[in-house]
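What follows is one structure encoded as structure tokens, with my remarks underneath.
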Amino acid sequence: MHIVEDYKDRSPLVKVECSTKAKSSSSRWPKTIASGVLEKFPEKALLVMDPYVIQMNSNSNLPSVLDVHVNLGGRSSVPGKMKGRKARWSVRPSDMSNKTFNPIRAIVDSMKVKPNPNKTMIALSIGDPTVFGNLPTDPEVTQAMKDALDSGKYNGYAPSIGYLSSREDIASYYHRPEAPLEAKDVILTSGCSQAIELCLAVLANPGQNILVPRPGFSLYRTLAESMGIEVKLYNLLPEKSWEIDLKQLESLIDEKTACLIVNNPSNPCGSVYSKSHLQKILAVAARQCVPILADEIYGDMVFSGSKFEPLATLSSNVPILSCGGLAKRWLVPGWRLGWILIHDRRDIFGNEIRDGLVKLSQRILGPCTIVQGALKSILHRTPQDFYHNTLSFLKSNVDLCYDALAAIPGLRPVRPSGAMYLMVGIEMEHFPEFENDVEFTERLVAEQSVHCLPATCFEYPNFFRVVITVPTVMMLEACSRIQEFCELHYHCAEGSQEECDK
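Numbering (the numbering used here), first residue to last: 43 to 544.
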């Protein structure tokens, strides 16, 4: 070790520098020297700026410096002679942020068209039932939140997977004899979206792939691709009420397939699968040994005449992570409480997947504690009339919208059985002015101030999605404007004059 000293009259500033590549016990020497310097000038020590730079307090005006340069491993530490990283700013976004892409936002944000100033805007594009104020949650739900807040019991941190009592409440509420649940099978999350994110993160590694419905909820792709997970799209068939093309689905599976996402009831289709169709899906998963991520957030939003079958009640062989939440059934999407239900009766997931979910949940330390505190009352005090009235309103709007749009030449709506959406096919050959569904919906905004999402957002061109939660009067007006728009732009396809004359 070589020490160089240069000082005058006990300088007011003492600086100790060290340079070494070795991570050995010798790296402690500069600290020892620094301690010695402080012992030498204790009355002047003010602040240790970093382990090797010591600021000294002095009334002297002398600018002198005592530099103690420690050379370890033969490399000089004298300022100006150091090698290594060039000191410059170089801040770049992460690979994850660069890979994160939301197709809905990308398409909607690129639509520069302005609505018709002479017509009030009607937004049939937003999947939030609270927007228009016609679908408030029940007063019992609101009171449960007030009581939890007033109690003062839920202002601190909870376990990252949620309070034990809250997980017990969810397990009890969704327990079925064919699909039993205990608190250990429940992970509480910040909304259903985070539940989906955790499931993807625990099941798939970068370079693997997942199977996603087309058309389907765009968040699946957004989350997966940000994690370096490949998305393979399986087809839903509009002519079969959006059932899965099972043969095409199975053809996509390979050794890198990490999971199959099944969204039932569906966003954006509003389809509700029959028991027999779900059993066929499970047969594919069992045959190929692929676990299922079941997005069942709309499971309690099914119209009369249809029945929702929780996927886990139909199989004891296929491991299933079922995702749900408060958002849709209780009409409170902003409260951000969701959950993962772990169904694994053959212990295929074992402790590893369960432990992995717990670890991943610790990244944000769990969902809102006040909502957890209100959960028991929300689940058990909400009157049945609230659920019934919500579904009756949605079913009425669906019937109204479907009947109106089905009567418009050039449109082919597919009747939904649940959720909050209706998909409408566009016979593009009858609308030659428009290249695709994006242009069609842009012009609909510009001319009629009606905003529907083009189904390109859901990987399914030449359709558009209608949200059915708007007030009835608004829905009637929107359908009337869509009819006016289509009548203005409709053209008979070549060779179809007979159809046009009808």
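Each residue gets a CB set at the ideal place from its N, CA and C atoms; glycine is no exception. All figures in this text were calculated on a predicted structure; none of them were measured in a lab.
Helix, strand or coil at residue i according to DSSP, with G and I counted as helix
i: Glu285; result: strand
i: His551; result: This structure leaves residue 551 out entirely; the chain is present only between 43 and 544.
i: Phe350; result: coil
i: Trp372; result: coil
i: Trp377; result: helix
i: Arg212; result: The sequence given here has Ile at residue 212, not Arg. Helix.
i: Thr231; result: strand
i: Arg396; result: helix
i: Gly460; result: strand
i: Arg405; result: coil
i: Ala165; result: strand
i: Ile420; result: helix
i: Asn277; result: strand
Cut-off 6 Å between Cβ atoms - residues of its own chain near residue i, not counting five sequence neighbours on either side
i: Ser136; result: none
i: Asn144; result: Thr264
i: Ala186; result: Ala416, Ser419, Ile420
i: Glu182; result: Arg423, Thr424
i: Ala165; result: His493
i: Val456; result: Pro280, Met465
i: Met283; result: As written in the sequence, residue 283 is Ser, which differs from the Met given in the question. Answer for Ser283: Ser313, listed in chain order.
C-alpha distance - residue i paired with residue j, whole-angstrom precision
i: Gly249; j: Gly204; result: 31 Å
i: Arg378; j: Cys365; result: 13 Å
i: Ile286; j: Tyr532; result: 32 Å
i: Phe506; j: Pro257; result: 11 Å
i: Ile384; j: Leu363; result: 5 Å
i: Thr74; j: Arg134; result: Its pLDDT being 45, under 50, Thr74 is placed unreliably in this model, and the value from its coordinates should be taken loosely. So the two alpha carbons sit approximately 38 Å from each other.
i: Trp131; j: Ile468; result: 51 Å
i: Leu407; j: Asp397; result: 15 Å
i: Leu261; j: Pro352; result: 22 Å
i: Asp441; j: Ile390; result: 43 Å
i: Leu320; j: Leu486; result: 37 Å
i: Ala448; j: Arg523; result: 14 Å
i: Phe476; j: Phe482; result: 6 Å
i: Leu242; j: Ile323; result: 19 Å
i: Lys298; j: Gln330; result: 12 Å
i: Glu529; j: Pro451; result: 8 Å
i: Glu85; j: Ala129; result: For Glu85, the predicted model reports a pLDDT of 47, less than 50, meaning its position is unreliable; a value from the coordinates is still stated below. Approximately 35 Å, taken between the alpha carbons.
i: Glu292; j: Ser358; result: 20 Å
i: Ala246; j: Met138; result: 15 Å
i: Pro333; j: Phe259; result: 19 Å
i: Tyr216; j: Glu210; result: 10 Å
i: Pro201; j: Gly392; result: 21 Å
i: Met470; j: Gly169; result: 26 Å
Own chain, CB closer than 8 Å to residue i, minus 5 neighbours either side, in chain order
i: Ser348; result: Val314, Ser459, Gly460
i: Leu240; result: Ile229, Thr231, Ile382, Leu399, Leu402, Ser403
i: Val480; result: Ile149, Met153, Pro496, Thr498
i: Asp342; result: Phe350, Lys370, Arg371, Tyr429
i: Cys410; result: Ser232, Trp377, Arg378, Leu379
Cβ pair residue i, residue j closer than 7 Å
i: Asn251; j: Glu281; result: no
i: Ile303; j: Val254; result: yes
i: Leu191; j: Ile412; result: yes
i: Pro310; j: Phe500; result: yes
i: Val155; j: Glu484; result: yes
i: Tyr463; j: Gly312; result: yes
i: Pro361; j: Asp337; result: no
i: Leu373; j: Thr179; result: yes
i: Ala446; j: Cys521; result: yes
i: Cys234; j: Ile146; result: no
i: Val512; j: Phe174; result: yes
i: Ser268; j: Thr142; result: yes
i: Thr355; j: Arg218; result: yes
i: Leu275; j: Cys301; result: no
i: Pro171; j: Met163; result: no
i: Asn277; j: Gln290; result: yes
Residues near residue i in its chain [Cβ-Cβ closer than 7 Å; skip 5 each side]
i: Ala213; result: Leu223, Glu224, Ala225, Asp227, Val228
i: Asn439; result: Ile510, Thr514, Met517
i: Leu208; result: The amino acid occupying residue 208 in the given sequence is Ser; Leu does not appear at that position. Here the set comprises Leu230, Gln414, Leu417.
i: Gln236; result: Gly380
i: Pro474; result: His533
i: Tyr502; result: Arg256, Pro257
i: Val244; result: Ile395, Gly398, Leu399, Leu402
i: Tyr199; result: Leu407
i: Glu489; result: Asn158, Phe527
Residues sharing a beta bridge with residue i, DSSP
i: Arg454; result: Gly467
i: Glu272; result: Asn251
i: Leu335; result: Ile303, Leu363
i: Phe505; result: Gly467
i: Leu495; result: Arg507
i: His385; result: Ile362
i: Val344; result: Gly460
i: Ala221; result: Arg218
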